[in-house]
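Here's the structure we're looking at; comments come further down.
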Amino acid sequence: MEVAAVQFVGSRNLFLRAVLLAALSAVLGTSALAQSTASLSGTVSDATGAVVVNAKVVATKQGTGVESATQTDTAGAYLFPSLPIGIYRVQATAPGFQSAIISNLKLEVATAVVQNIQLRIGQAAETVEITADTALVDTTTTSMSQVINDKTVQEIPLNGRHFTDLSLLTPGTVTPPANGFLSAPLRGQGSFGINTAGQREDTTNWLVNGINLNDNVQNQITFQPPIDTLAEYKIDNSSFPAEYGRNSGAIVNLATRSGTSEYHGELFEFFRNNDLDARNFFNPVLTSTGAPNPQAAFKRNDFGASFGGPIKKNKVFFFLAYEGLRQHQSLTVTSNRVPSQNERAGVTSPAIQKIIAIIPAANLVGSGTPTDPATFNAFTGGALANVSLNQGSADLDVELSSKDRIHGYYVVQKDLRQEPTAGGAINTNLPGFGDTRDGFRHLATLSEDHFFGPSLTNTVRLGFNRIHLTFTPNALLDPAAFGITMPAGAPAATGLPFINIGGALGFAGPTGEPQGRGDTTAVLNDTLSWLRGRHTFAFGGEIRRAYNNNIALNIGSFTFNQTGSGATLQTAMQNFLNDSASAFTVQLGSGNDKILQPSYDVFAQDSFRWKPNFTVNVGLRYAWNSSPSEAAGRFTQFDPTTGTLVPASQPYHTNNKNFQPRVGFAWDPFKNGKTSVRASYAILTQDPTTNVVVGLSGNPPFAIPISISSGDIAVENPGS
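For the sequence shown, the residue numbers in the working numbering are 1 to 720.
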């Protein structure tokens, strides 16, 4: 039974001094939570309950045969602060006692497992073996979390094979809807975020083997690694230990899949098409008039392979994986208002005549009453929305010695996605004027565990995640070919400005393109774990350097609105046909920039086992977030005191009072491991994203945004 885990959210001033004092005192004590691995600790005692000092404890991973050894201290305690996840066999030996073996002990990602061992008097050659019990509740940590284990990850069928969908199994977690704030599910690529415990989706910290996988521009996940390469992951959505920071929402720890002592391989393909899929309920076989209503074309091939095993027995292991996706899809696009044949015939402006030629002809009765083909004013058609994706990954485990372990992981993804209409709107915008989104994404992690002795261990991690994206208009139309003279400095021959006719019809563009960015986040972190009696200390820090390089052009837009009233009323369509725009926008020059934003964190925490059934967890984290800088000094912003734009070397004031205390307890009142009472208090801060300063390089003198919204604007010469 889990009674409660209470996260107190209160005034910083009320608690800060007391918590800081506690965190920095001698009670700076269960095990530190290793980020992508697990920790194992406990006490070795005899039949009377007396602790056994200097007992040897060996943990053997059953899948690989790799052994890790330590010994108990003067309090009879032992600690393995960082073990690869998996099933273990734990053996304890001491002179004058029988050997005790705990088998089938499961260690899950980012969990702290406590396994006490009792030795009986006898010969060392005699062995007592028992099977480990699965802990039903957490009686040692103070955060609320859930592990999505290996069986769930590998065996539950998923439409799309996106691991974030499994997050729904965690209480209080949802994936964003199609109109989500930032991470609406991408076609063929799934959701790039989750909402947990009422937190925004951009407050989640995604970690793969302890290395950050967040996109520093929008704070969503950079991409989803192949699900076959994930062993399991853990979602922690409340006051987690001081080892974790950067974000104020959930912590998602993903551990990658490693090779074992045996060779294993897999080939797969998941196939879907119109013949296999059920027809959507809202897409009947016949239309309301009784005509056949064909399904929109859909074909999806998701295929791949994986292979892993030993390179050197009990020393070196590898795991390789590949996954490909080819999704061919046609979306039905409908616009209830396009120019009719009669309206086309009445156009006199040469520019509008050329523009109207790229608008598909009306092919059905619209929402009004026209029934004559000459007056049809609605259009329906298909638009390609294809997705292509390739992912490859490699995982390597190396046992250098009994004191050193190295783990490396690399994954790369190349993806290509077609957006059929500008802005993705399929109910108003015409097909053929969307964009092609080309992505190239990487993640690399490297960690080294070093055991200085039975009570002192260090883990260092180095890694990066990188993303390169380009958005290119599908219709690269030269405005000059339509008789349009764009203002000097406007993007040349990259696309026709987007045309918005009263919000009911949109085509050309898309506005705000071409654009692209290349971002890299480099991470270095270190954690030192020290077992001292009933205390388990952890000290460490992290350096993050986020690089955000942007290419930002804007081919502009025309807006046609309804004007006048009564006898002078002109509809938006009439104003378009008469070459009379209500507004015109464009950006002269480019808003390119190269942004750097470093962050530095340090922490100290202690898990103190006050009593066998009562654990106190105390910690403190501090984060220093530097102000973003631009390599060429292209940040400019408005100075209200002078009414001018001025260079901005420091775009905003950095209030680096980011002290983040954590304090809590876990109590097993009945001492049977079946009931847990937990409470905690934490102050959590959120790292700023570079997205808040990206637009500063789009100001004069580097770029000049133009917006004209007065008078009748002729398409031929909008800047005059």
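The C-beta atom is built at its ideal place from N, Cα and C for all residues, glycine as well. Keep in mind that this is a model prediction, so the values were computed, not measured.
Opposing strand residues paired with residue i [DSSP bridges]
{"i": "Leu-79", "result": "Ser-41"}
{"i": "Tyr-244", "result": "Paired residue(s): none; Tyr-244 is not in a bridge."}
{"i": "Phe-670", "result": "Its beta-bridge partners do not exist; DSSP assigns none."}
{"i": "His-535", "result": "Arg-532, Phe-608"}
{"i": "Val-66", "result": "None, per the DSSP bridge assignment."}
{"i": "His-328", "result": "Lys-299"}
{"i": "Thr-470", "result": "Asp-438, Gly-516"}
{"i": "His-264", "result": "Gly-308"}
{"i": "Gly-664", "result": "Asn-617, Ser-680"}
{"i": "Asn-625", "result": "Ser-599"}
{"i": "Ala-55", "result": "For Ala-55, which the question treats as bridged, DSSP gives no partner whatsoever."}
{"i": "Pro-705", "result": "Gln-587"}
{"i": "Ser-388", "result": "Arg-326, Leu-416"}
{"i": "Ser-145", "result": "Asp-236"}
{"i": "Asp-593", "result": "Asn-550"}
{"i": "Pro-292", "result": "Leu-286"}
{"i": "His-407", "result": "Asp-397, Ser-447"}
{"i": "Val-316", "result": "Lys-312, Val-398"}
{"i": "Val-523", "result": "Gly-463, Arg-544"}
{"i": "Ile-251", "result": "Asn-205, Asp-236"}
Minimum C-alpha distance to residue i - residue among the options
{"i": "Thr-229", "options": "Asp-395, Leu-443, Ser-41, Asn-699", "result": "Asp-395"}
{"i": "Leu-577", "options": "Lys-299, Val-338, Val-252, Pro-688", "result": "Val-338"}
{"i": "Asp-302", "options": "Gly-698, Gln-118, Asn-159, Ala-604", "result": "Asn-159"}
{"i": "Gly-210", "options": "Ser-607, Ile-713, Gly-463", "result": "Gly-463"}
{"i": "Pro-705", "options": "Ser-629, Phe-482, Gly-556, Thr-641", "result": "Gly-556"}
{"i": "Pro-350", "options": "Asn-465, Gly-719, Val-715", "result": "Val-715"}
{"i": "Phe-560", "options": "Phe-539, Phe-584, Asp-277", "result": "Phe-584"}
{"i": "Gln-62", "options": "Ala-55, Ile-85, Pro-510, Val-44", "result": "Ile-85"}
{"i": "Thr-37", "options": "Val-618, Arg-246, Thr-459", "result": "Thr-459"}
{"i": "Pro-612", "options": "Thr-139, Leu-213, Thr-689, Arg-466", "result": "Thr-139"}
{"i": "Ser-39", "options": "Leu-416, Thr-536, Glu-129, Asp-46", "result": "Thr-536"}
{"i": "Gln-413", "options": "Gly-424, Ser-401, Gly-439, Val-398", "result": "Gly-439"}
{"i": "Pro-225", "options": "Trp-530, Phe-268, Tyr-322", "result": "Tyr-322"}
{"i": "Gly-381", "options": "Gln-574, Val-398, Ile-359, Gly-392", "result": "Ile-359"}
{"i": "Ala-425", "options": "Thr-494, Val-137, Thr-334", "result": "Thr-334"}
{"i": "Gly-188", "options": "Gly-172, Phe-163, Asp-202", "result": "Phe-163"}
{"i": "Gly-76", "options": "Ser-68, Ala-94, Ser-82, Arg-89", "result": "Ala-94"}
{"i": "Ala-69", "options": "Ser-41, Ser-45, Gly-49", "result": "Ser-41"}
{"i": "Ile-356", "options": "Pro-700, Gly-643, Arg-344", "result": "Arg-344"}
{"i": "Pro-64", "options": "Lys-313, Ser-720, Asn-658", "result": "With the sequence shown as reference, residue 64 is identified as Thr, and Pro is not the correct amino acid for it. Here the closest residue by C-alpha is Lys-313."}
{"i": "Trp-667", "options": "Ala-255, Ser-676, Thr-74", "result": "Ser-676"}
C-beta atoms of residue i and residue j nearer than 8 Å
{"i": "Asn-390", "j": "Asp-435", "result": "no"}
{"i": "Pro-420", "j": "Leu-325", "result": "no"}
{"i": "Glu-126", "j": "Gln-98", "result": "yes"}
{"i": "Glu-266", "j": "Ala-305", "result": "yes"}
{"i": "Gly-249", "j": "Arg-621", "result": "no"}
{"i": "Gly-506", "j": "Asn-429", "result": "yes"}
{"i": "Ala-59", "j": "Gln-71", "result": "no"}
{"i": "Gln-118", "j": "Ala-132", "result": "no"}
{"i": "Gly-619", "j": "Asp-606", "result": "yes"}
{"i": "Leu-588", "j": "Pro-718", "result": "no"}
{"i": "Glu-399", "j": "Val-57", "result": "no"}
{"i": "Ala-552", "j": "Ser-590", "result": "yes"}
{"i": "Ser-143", "j": "Ser-238", "result": "yes"}
{"i": "Leu-528", "j": "Phe-539", "result": "yes"}
{"i": "His-442", "j": "Asn-465", "result": "yes"}
{"i": "Leu-107", "j": "Leu-79", "result": "no"}
{"i": "Asn-205", "j": "Val-174", "result": "no"}
{"i": "Ala-508", "j": "Pro-491", "result": "no"}
{"i": "Asn-195", "j": "Pro-176", "result": "yes"}
{"i": "Val-52", "j": "Ser-45", "result": "yes"}
{"i": "Lys-657", "j": "Gly-483", "result": "no"}
{"i": "Leu-218", "j": "Thr-689", "result": "Residue identity differs from the one stated: residue 218 is Gln in this sequence, not Leu. Yes, the pair counts as a contact, with Cβ atoms nearer than the cut-off."}
* Asked: Where in the segment 86-116 do unbroken runs of the alpha helix (DSSP H), each at least 4 residues long, occur, reported from the N-terminal end onward?
  -> none
* Asked: Counting Cβ pairs, one atom from each stretch, are 3 or more of them under 8 Å apart for the segment 597-606 and the segment 631-650?
  -> no
* To do: May I ask you to verify whether the segment 309-317 touches the segment 676-683, counting CB pairs closer than 8 Å and requiring at least 3?
  => no
* Are the segment 261-280 and the segment 689-700 in contact at 8 Å, needing three or more beta carbon pairs? -> no
* **Touch test, the segment 519-534 against the segment 477-496, Cβ-Cβ under 8 Å, three pairs minimum** => Contact fails: fewer than three Cβ-Cβ distances are below 8 Å.
* Length-filtered (3 minimum) beta strand (DSSP E) runs lying within the segment 542-572 -> 557-560, all fully within the segment 542-572.
* To do: Pair every Cβ in the segment 446-455 with every Cβ in the segment 403-423, then say whether three or more of these pairs are closer than 8 Å.
  => yes
* Asked: Does the segment 276-286 come close enough to the segment 99-116 to have 3 or more Cβ pairs within less than 8 Å?
  -> no
* **beta strand (DSSP E) segments (min. 3 residues) lying fully within the segment 209-241** => Positions of the beta strand (DSSP E) runs, each at least 3 residues long and wholly inside the segment 209-241, are given as 230-236 in order along the chain.
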